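A.B. asks: Protein chains in written order, with the numbering used here: chain F, 1 to 243; chain D, 244 to 678. For each residue, glycine too, the CB sits at the ideal point set by N, CA and C. Please read these numbers as outputs of a predicted model, since none were measured by experiment. Structure incoming, see below.
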């Protein structure tokens, strides 16, 4: 009888034991990918169907959940350009033009498969709610829904490695359900300072068949910045912050 | 937060796929040390531009510009430009510069020009505070083609609004604060701009130290600027601008500026020039829209408060006719010289009228060709219905090389803005190599 009661109690408790907290997983993913405030160097390589490559190098600074600045160091034609994101607001500063203009998350300042929302990505928890979470063997599958209509992708499907608590694949969907692109994370690297994360992110899109873009990280480390850096007036001077 | 019960475990092939796809990506090398900050930087571009002009021989500006020169129907011009941009870091300060050197040759003349566009030393004792002195091109306003609030800058060319421009010698500061909440940013930029016999001579009358200032606010996701320039070399003026994203892909912007006691020379058709003085109000309303198919549309309406009405412009063009009639009949060029002088002043501005619209549509990666951007730009004088249409092809697929082909088509009757310009058509091919 005791065994039977124990079995019933176990079966009743099983769903609670098995239930997973999607929001907590997403928070861990955010912090495992990057510290809240950091600097890093990134290389964006756009590969055309014929194999031709175009390479951009960016220096990036992020503060808090939704402030990020990216400075172009290469190619020479883009050198000195700076993009700023504050929440849903994005600007592009072009040295020749001498002032910042507003840009949209769906554009791409590099002309790559990565759009501005990918290049100036802020915390997933700042933009998305977890609509559903499930376990699939070695991974969690999180279904994310954009908090507002201003977010570049209406829905994300994110496969998270259970052990590393890092994303493996993310599918990005429009509100219509159309798959816009797929992001593939790989090449887990120890950046020091307790940061161990994928150093490579590749993307492809059914809307740009044959084209592929790859983002690689280097020199990712924690660094605190003043709020004033994340303002339009500071953009012409951003490159002076590099050490 | 929604909790979901675990379904039967599903091993995802996507995991393997994800690992397989970037394998090729890992072959791409990335060494960030090559991009370490250096004490100095030097870059810029070399540009070659070939232009073929169809001259408008009946136009007022053709007749005035080519006075005493061999008359021709067309002109080919070649221009080579070298722009150098550099930085030198020392201690807490940075010296930066931008120079422009050009050589120009056409069938009637050749010339060269060397200009320092910017050369300024700046120090930043705190991230929120910068002081700088030297030659600086400050760009104020939110308009794409025009900036009525550009108080301390040389006028923008609406045919090339993204081109770097020469600045003015000045001392300026920048104070930035981020209070948080609805008011995300406050920034204050005071400016002192001297005009002496050999400094900033083209800004206005000499022997003035011109004060100006701009206050920028990012308030509830809207950019707001309030600007002022005190009376000195130029009449006092003030204004404001705004820019905001209505939706992710739809931005609106505007500028408003008032110049106090603006003096406008006005000629009648006999060449009698009077100066009309009064407050002049200019404003601009614009939008930028990105469609789902990656077409960017820019549209602006510009009310030029310092411009000439249809009647005032018409009197100038009739005066030019009168002046050339006198030259032919009497041999006296007195009136022609007066007309020439007016044409080199406010009558000869790129947009001397009062009401303009600007429209541009550009398609990214057109015809499935990445980095290929065709565009069409139109600019019209709403008062006299003359206009200019500019189809354009641009390709940026080669590393650091920009190729652009543009055809300017001007249309307008006699006595109209675009109908009296120097050229009626222009074909322009430009190659710009960045280094």
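Quick one: what does DSSP say residue 560 (chain D) is sitting in, helix, strand or coil?
C.D. replies: Taken through DSSP and simplified to helix, strand or coil, residue 560 (chain D) comes out as helix.
A.B. asks: What runs of the alpha helix (DSSP H), each 4 residues or longer, lie entirely inside the region 70-144 of chain F?
C.D. replies: 116-119, 124-127
A.B. asks: Residues of the region 163-180 of chain F in Cβ contact with chain D at a cutoff of 7 Å, in chain order, please.
C.D. replies: 168, 169
A.B. asks: Whole angstroms is fine: what's the gap from residue 506 (chain D)'s alpha carbon to residue 482 (chain D)'s?
C.D. replies: 18 Å
A.B. asks: First and last residue of the beta strand (DSSP E) that includes residue 297 (chain D)?
C.D. replies: 283-298
A.B. asks: Helix, strand or coil for residue 611 (chain D), going by three-state DSSP, please let me know.
C.D. replies: helix
A.B. asks: Compare the Cα-Cα distances from residue 578 (chain D) to each of D:486, D:644, D:566 and report the closest residue.
C.D. replies: D:566
A.B. asks: Can you list the residues of chain D that residue 224 (chain F) reaches, using a CB-CB cut of under 8 Å?
C.D. replies: Correct list: empty, because the minimum Cβ distance to chain D is about 11 Å.
A.B. asks: Bridge partners of residue 378 (chain D), per DSSP?
C.D. replies: D:362, D:412
A.B. asks: Within this structure, are the beta carbons of residue 327 (chain D) and residue 338 (chain D) separated by less than 8 Å?
C.D. replies: Their beta carbons are not under 8 Å apart, which means residue 327 (chain D) does not touch residue 338 (chain D) by this criterion.
A.B. asks: Can you say whether residue 267 (chain D) is buried or exposed, counting buried as having 16 or more other CB atoms within 10 angstroms of its CB?
C.D. replies: Because residue 267 (chain D) sits at a pLDDT of 44, beneath the cut-off of 50, its placement in the model cannot be relied upon, and the point is left open.
A.B. asks: Are residue 464 (chain D) and residue 485 (chain D) close, meaning C-beta to C-beta below 8 Å?
C.D. replies: no
A.B. asks: Rounded to the nearest angstrom, what separates residue 204 (chain F) and residue 48 (chain F) at their Cα positions?
C.D. replies: When rounded, the distance between both Cα atoms is 11 Å.
A.B. asks: Quick one: what's residue 481 (chain D) bridged to in DSSP?
C.D. replies: D:471, D:501
A.B. asks: Could you check if residue 230 (chain F) is buried or exposed, using at least 16 other CB atoms within 10 Å of its CB as the buried criterion?
C.D. replies: buried
A.B. asks: Which two residues bound the contiguous beta strand (DSSP E) that contains residue 532 (chain D)?
C.D. replies: 516-533
A.B. asks: Apart from the five residues on each side of it in sequence, which residues of its chain come closer than 6 Å, Cβ to Cβ, to residue 57 (chain F)?
C.D. replies: Answer for residue 57 (chain F): 43, 73, 74, listed in chain order.
A.B. asks: Give the DSSP bridge partners of residue 324 (chain D), in chain order.
C.D. replies: Bridge partners of residue 324 (chain D): D:290, D:345.
A.B. asks: For residue 39 (chain F), write down the residues that DSSP places opposite it in a beta bridge.
C.D. replies: F:61, F:221
A.B. asks: Would the C-beta of residue 156 (chain F) count as close to the ligand COA, meaning under 7 Å from any of its heavy atoms?
C.D. replies: The ligand COA is not part of this structure, which contains no ligands at all.
A.B. asks: Under the three-state reduction of DSSP, which class applies to residue 580 (chain D): helix, strand or coil?
C.D. replies: helix
A.B. asks: What do you reckon, are the CB atoms on residue 637 (chain D) and residue 621 (chain D) nearer than 8 Å?
C.D. replies: no
A.B. asks: Go ahead and pull the three-state DSSP assignment for residue 546 (chain D).
C.D. replies: strand
A.B. asks: In angstroms with no decimal places, state the Cα-to-Cα distance between residue 235 (chain F) and residue 93 (chain F).
C.D. replies: 7 Å
A.B. asks: Between which two residues does the alpha helix (DSSP H) containing residue 170 (chain F) stretch?
C.D. replies: Segment 166-173 is the beta strand (DSSP E) holding residue 170 (chain F); no alpha helix (DSSP H) there.
A.B. asks: Quick one: using the 10 Å Cβ neighbour count with 16 as the cut-off for buried, is residue 541 (chain D) buried or exposed?
C.D. replies: buried
A.B. asks: So is residue 197 (chain F) in contact with chain D if we call contact Cβ pairs under 8 Å?
C.D. replies: no
A.B. asks: Measuring straight from C-alpha to C-alpha, what distance separates residue 320 (chain D) and residue 308 (chain D)?
C.D. replies: 16 Å
A.B. asks: Using a cut-off of 7 Å between C-beta atoms, extract the partners of residue 227 (chain F) located in chain D.
C.D. replies: Chain D residues near residue 227 (chain F): 421.
A.B. asks: Considering only their Cβ atoms, is the gap separating residue 324 (chain D) from residue 343 (chain D) smaller than 8 Å?
C.D. replies: yes
A.B. asks: Would a C-beta distance cut-off of 8 Å place residue 157 (chain F) and residue 127 (chain F) closer than the cut-off?
C.D. replies: no
A.B. asks: Excluding the 5 residues flanking residue 480 (chain D) on each side, which residues of the same chain have their C-beta closer than 7 Å to its C-beta?
C.D. replies: 394, 472, 500, 501, 502, 503
A.B. asks: Strictly below 7 Å CB to CB, what residues from chain F border residue 371 (chain D)?
C.D. replies: Under the 7 Å cutoff, chain F gives 226, 228.
A.B. asks: Three-state secondary structure (DSSP) at residue 34 (chain F)?
C.D. replies: Residue 34 (chain F): coil per DSSP, three-state reduction.
A.B. asks: Compare the C-beta of residue 280 (chain D) against all C-beta atoms of chain F and say whether one is closer than 8 Å.
C.D. replies: yes
A.B. asks: According to the neighbour-count rule (16 or more other Cβ atoms, all chains shown, within 10 Å of its Cβ), is residue 550 (chain D) buried or exposed?
C.D. replies: Burial check for residue 550 (chain D): the Cβ neighbour count within 10 Å reaches 16 or more, so the residue is buried.
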